[in-house]
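Quick notes on the structure that follows.
2 protein chains.
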Amino acid sequence: MTQQVRVAVVGATGAVGKAMIATLLRREFPFSSLKLLASSRSAGTQVAVADQLIEVQEATPDAFADVDVALFSAGGTVSIQLAPEAVKRGALVIDNTAAFRMDPDVPLIVPEVNPEHMHGHKGIIANPNCSTIQMLVALKPLHDAYRVRRIVVSTYQAASGAGERAIAELTEQTRAQVMGEPVVASVMPVAKLSRHYPLAGNVLAQIDVFEPNGYTREEMKMVNETHKILGDKTIGVTPTCVRVPVVYGHSEAVYIETERPFEMADVRARLEAFPGILVQDDPEQQVYPQPLAAAGRFEVFVGRLRRDLTQPTGLSMWVVSDNIVKGAAWNAVQIAELWLQRGRVGG
Amino acid sequence: MTQQVRVAVVGATGAVGKAMIATLLRREFPFSSLKLLASSRSAGTQVAVADQLIEVQEATPDAFADVDVALFSAGGTVSIQLAPEAVKRGALVIDNTAAFRMDPDVPLIVPEVNPEHMHGHKGIIANPNCSTIQMLVALKPLHDAYRVRRIVVSTYQAASGAGERAIAELTEQTRAQVMGEPVVASVMPVAKLSRHYPLAGNVLAQIDVFEPNGYTREEMKMVNETHKILGDKTIGVTPTCVRVPVVYGHSEAVYIETERPFEMADVRARLEAFPGILVQDDPEQQVYPQPLAAAGRFEVFVGRLRRDLTQPTGLSMWVVSDNIVKGAAWNAVQIAELWLQRGRVGG
Chain A
4 MTQQVRVAVV GATGAVGKAM IATLLRREFP FSSLKLLASS RSAGTQVAVA DQLIEVQEAT
64 PDAFADVDVA LFSAGGTVSI QLAPEAVKRG ALVIDNTAAF RMDPDVPLIV PEVNPEHMHG
124 HKGIIANPNC STIQMLVALK PLHDAYRVRR IVVSTYQAAS GAGERAIAEL TEQTRAQVMG
184 EPVVASVMPV AKLSRHYPLA GNVLAQIDVF EPNGYTREEM KMVNETHKIL GDKTIGVTPT
244 CVRVPVVYGH SEAVYIETER PFEMADVRAR LEAFPGILVQ DDPEQQVYPQ PLAAAGRFEV
304 FVGRLRRDLT QPTGLSMWVV SDNIVKGAAW NAVQIAELWL QRGRVGG
Chain B
4 MTQQVRVAVV GATGAVGKAM IATLLRREFP FSSLKLLASS RSAGTQVAVA DQLIEVQEAT
64 PDAFADVDVA LFSAGGTVSI QLAPEAVKRG ALVIDNTAAF RMDPDVPLIV PEVNPEHMHG
124 HKGIIANPNC STIQMLVALK PLHDAYRVRR IVVSTYQAAS GAGERAIAEL TEQTRAQVMG
184 EPVVASVMPV AKLSRHYPLA GNVLAQIDVF EPNGYTREEM KMVNETHKIL GDKTIGVTPT
244 CVRVPVVYGH SEAVYIETER PFEMADVRAR LEAFPGILVQ DDPEQQVYPQ PLAAAGRFEV
304 FVGRLRRDLT QPTGLSMWVV SDNIVKGAAW NAVQIAELWL QRGRVGG
């Protein structure tokens, strides 16, 4: 069977890696073999995949010798070291880290948004940042129709975006808070930095490190990745990225201004017709997207659609999606599916 | 002693009422008597005030006969019924509900922002919405210097803004979540509406009821109260109001565009010099405002100051304050202090 694919997941024991495995199974992705790779620290761990246990192997260059598609999510350093080795051995790398996203030779793909960018790849395709993916799925049909000129976005991002340790930390902090015990922070907002703050019962206006311009790296990802994916550097992007005490599901308050005028009925129709979007917008029935309800789902949920009160070409919306699923694992698997559908299109 | 004031707190058993009592004590407000009033349901309850117990009395028109200042926070219906009765009996009413805020005869006061509006009062002074208060304290020095033309604001609002029952609900939901028990919702987002959703581990893009234009009433308060307090209806306000699982402290991602250009050093200096603001803005040291740290404080905390990447007159900031303290109780007591300082200025 020509569709049979030898798949490797790099970072198989992490939050996204586990979700990648689960997504391959949910999608019945036609893999003939599934290799689970991780750092030497995690090698030897047994991971349950459907009804079998697979042992995690150490990610080394030669581990990619018999791999067609390698899904990377083990941090930027691992991707920089091993992605070229995997490509050298004939694998397509779909990389979930930020390592190659802004590399002009690496397409940055949201399958609903810019599948046409895939053709130029040289073995590595990058998966965008979670916050960017869901925002651009929601904006693409509107950009096509009315041309987006300005984006002001505030995010409400889940702890899982910071990985397994952050999920464990929020869970433990919440337990301690309920029990009246001291709340300890050693992972969030950024594990490698010196200061840590509780997320339980709190909100942290820092995701990733600060850049010299006063924006965080997460915020700059939303700016730069939006420009690359939409192929338009003139779009003004004004992001504020914030962590909230939610485990799964990023929410975003997105305000846009468009070049061309729009009718609200047309906005809604275009969003409803767009693949990957589920419109949940009925104020009278109190229907709007919520992260708790979006957890585990593939879709990007859009609601709270309303025209701006003073700018006729201004539109506000509320965009929610599971950051680990559509924001990472599902988007990566979706890229692999697209690659298969297009006959394993090479670079 | 002419400074001795007979004070009443209406809604003394609620979240804001209790904070009003605590604030009067913290400020050593010169009250000669303190009358605690509430609905007949709460009458008879004993409330500890410093080292004495005060019995809550039923709020009736005649309860205001010997009152100089009545702080109301028992819901709009109670204010509509009893505020005029209190005024008739010679009391100054400082009303924390939305009942009179947009009444042209009622000044809507943030003492740091528009104290001059107090002079026109006819016995009732309104306390603005919590989200509006903290935003306008942060924007006033910038509006004075550069004239604010556009505001795009996304809020991260605490459960306490929805009252005692919402605090209890979030606490109970969090406990149930930790214990692995079913999470029940019957208060939030809006107690009187038919649908309720969990706030624990979730984010709710609805505060108060929806208006026919698709904005919530909370969002429209931010628009209309901003126009009234700054005395400028031409400012474009684009709000998204969101409840997050935090008990005390609202956070706001505020983006503004100004008419006149600004230097960042001047922005910072003006904010630092403005009464009621504490600037917490040192990205290198990971210093920025957080609701958990702002709880119980009088100040409005401002940080994450950064010029927009594409709009030279665009500025982003992060504004945090305790919604029950500066957003309600302290702002009300501050109005009473101002009234005293100005010689009990009448209408």
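Here the protein sequences come in this chain order: A and B. Convert by adding 3 to the 1-based position in the first sequence; the result is the number in the working numbering. Convert by adding 3 to the 1-based position in the second sequence; the result is the number in the working numbering. Positions of the beta carbon are idealized from the N, C-alpha and C atoms, including for glycine.
What's the C-alpha gap between residue i and residue j?
{"i": "Gly47(A)", "j": "Gln55(A)", "result": "15 Å"}
{"i": "Leu308(A)", "j": "Ile259(A)", "result": "11 Å"}
{"i": "Glu287(B)", "j": "Phe213(A)", "result": "7 Å"}
{"i": "Lys38(B)", "j": "Gln60(B)", "result": "8 Å"}
{"i": "Ile232(B)", "j": "Lys224(B)", "result": "11 Å"}
{"i": "Asn99(B)", "j": "Gln160(B)", "result": "17 Å"}
{"i": "Leu202(A)", "j": "Gly123(B)", "result": "45 Å"}
{"i": "Asp65(B)", "j": "Gly93(B)", "result": "11 Å"}
{"i": "Arg198(A)", "j": "Val187(A)", "result": "12 Å"}
{"i": "Pro278(A)", "j": "Val247(B)", "result": "29 Å"}
{"i": "Ser163(B)", "j": "Phe34(A)", "result": "51 Å"}
{"i": "Asn130(B)", "j": "Glu222(B)", "result": "16 Å"}
{"i": "Val257(A)", "j": "Ile154(A)", "result": "7 Å"}
{"i": "Gln344(A)", "j": "Met105(A)", "result": "25 Å"}
{"i": "Ala165(A)", "j": "Leu74(A)", "result": "18 Å"}
{"i": "Asp285(A)", "j": "Val206(A)", "result": "28 Å"}
{"i": "Ala179(B)", "j": "Thr243(B)", "result": "29 Å"}
{"i": "Arg360(A)", "j": "Val109(A)", "result": "Shown here, chain A extends from 4 to 350; a query on residue 360(A) therefore has no answer."}
{"i": "Glu58(B)", "j": "Val81(B)", "result": "20 Å"}
{"i": "Ala11(A)", "j": "Thr237(A)", "result": "38 Å"}
{"i": "Ile170(A)", "j": "Ile338(B)", "result": "44 Å"}
{"i": "Glu184(B)", "j": "Leu40(A)", "result": "36 Å"}
{"i": "Ala296(A)", "j": "Gly79(A)", "result": "31 Å"}
{"i": "Glu262(A)", "j": "Val240(A)", "result": "15 Å"}
{"i": "Pro144(A)", "j": "Glu266(B)", "result": "38 Å"}
{"i": "Phe304(A)", "j": "Ala51(A)", "result": "30 Å"}
{"i": "Val156(B)", "j": "Ala77(A)", "result": "36 Å"}
{"i": "Arg29(A)", "j": "Val72(A)", "result": "17 Å"}
{"i": "Thr229(A)", "j": "Val151(A)", "result": "11 Å"}
{"i": "Tyr149(B)", "j": "Pro292(B)", "result": "24 Å"}
{"i": "Gly234(B)", "j": "His146(B)", "result": "11 Å"}
{"i": "Leu85(A)", "j": "Gln283(B)", "result": "41 Å"}
{"i": "Val336(A)", "j": "Tyr251(B)", "result": "41 Å"}
{"i": "Val13(A)", "j": "Glu167(B)", "result": "48 Å"}
{"i": "Val181(B)", "j": "Val245(B)", "result": "24 Å"}
Report yes if the C-beta of residue i is less than 6 Å from at least one heavy atom of the ligand FAD; otherwise report no.
{"i": "Ala25(B)", "result": "The ligand FAD is not part of this structure, which contains no ligands at all."}
Taking buried to mean at least 16 other C-beta atoms within 10 Å of its own C-beta, is residue i buried or exposed?
{"i": "Pro107(A)", "result": "exposed"}
{"i": "Asn326(A)", "result": "buried"}
{"i": "Ala15(A)", "result": "buried"}
{"i": "Ala194(B)", "result": "exposed"}
{"i": "Gln7(A)", "result": "exposed"}
{"i": "Glu302(B)", "result": "buried"}
{"i": "Pro215(B)", "result": "exposed"}
{"i": "Gly317(A)", "result": "buried"}
{"i": "Glu111(B)", "result": "Just to set this straight, residue 111(B) is Leu in the shown sequence, not Glu. Per the 10 Å Cβ criterion, buried."}
{"i": "Pro315(A)", "result": "exposed"}
{"i": "Lys21(A)", "result": "buried"}
{"i": "Glu115(B)", "result": "buried"}
{"i": "Gly126(A)", "result": "buried"}
{"i": "Gln49(B)", "result": "exposed"}
{"i": "Glu31(A)", "result": "exposed"}
{"i": "Pro294(A)", "result": "buried"}
{"i": "Glu172(A)", "result": "buried"}
{"i": "Met4(A)", "result": "For Met4(A), the pLDDT reaches just 42, beneath the cut-off of 50, and the residue's location in the model is therefore unreliable, leaving the point undetermined."}
Tell me, please, which residues DSSP counts as bridged to residue i.
{"i": "Phe103(B)", "result": "BP columns for Phe103(B) are empty, so no partner."}
{"i": "Asp311(A)", "result": "Bridge partners of Asp311(A): none, in fact."}
{"i": "Lys38(B)", "result": "Ala11(B)"}
{"i": "Ala51(B)", "result": "Leu56(B)"}
{"i": "Met121(B)", "result": "Its beta-bridge partners do not exist; DSSP assigns none."}
{"i": "Ala129(B)", "result": "Asp98(B) and Leu111(B)"}
{"i": "Ile154(B)", "result": "Val240(B) and Ile259(B)"}
{"i": "Val322(A)", "result": "Glu255(A) and Val305(A)"}
{"i": "Phe175(B)", "result": "Note on residue identity: the sequence assigns Glu, not Phe, to residue 175(B). Note: Glu175(B) sits in no beta bridge, so no partner."}
Does any CB atom of chain E fall closer than 7 Å to the CB of residue i?
{"i": "Arg273(B)", "result": "Given the protein chain composition of this structure (A and B), no chain E is represented."}
Starting from the N-terminal side, write out each stretch of the alpha helix (DSSP H) that is 4 residues or longer and does not extend beyond the segment 72 to 102 of chain B. 79 to 91
Where are the beta strand (DSSP E) runs, 3 residues long or more, that stay fully inside the segment 210 to 281 of chain B, in chain order? 239 to 243 and 253 to 261
Could you tell me whether the segment 324 to 338 of chain A touches the segment 118 to 137 of chain A, using the rule of 3 or more Cβ pairs below 8 Å? Because the criterion of three Cβ pairs below 8 Å is met, the segment 324 to 338 of chain A and the segment 118 to 137 of chain A touch.
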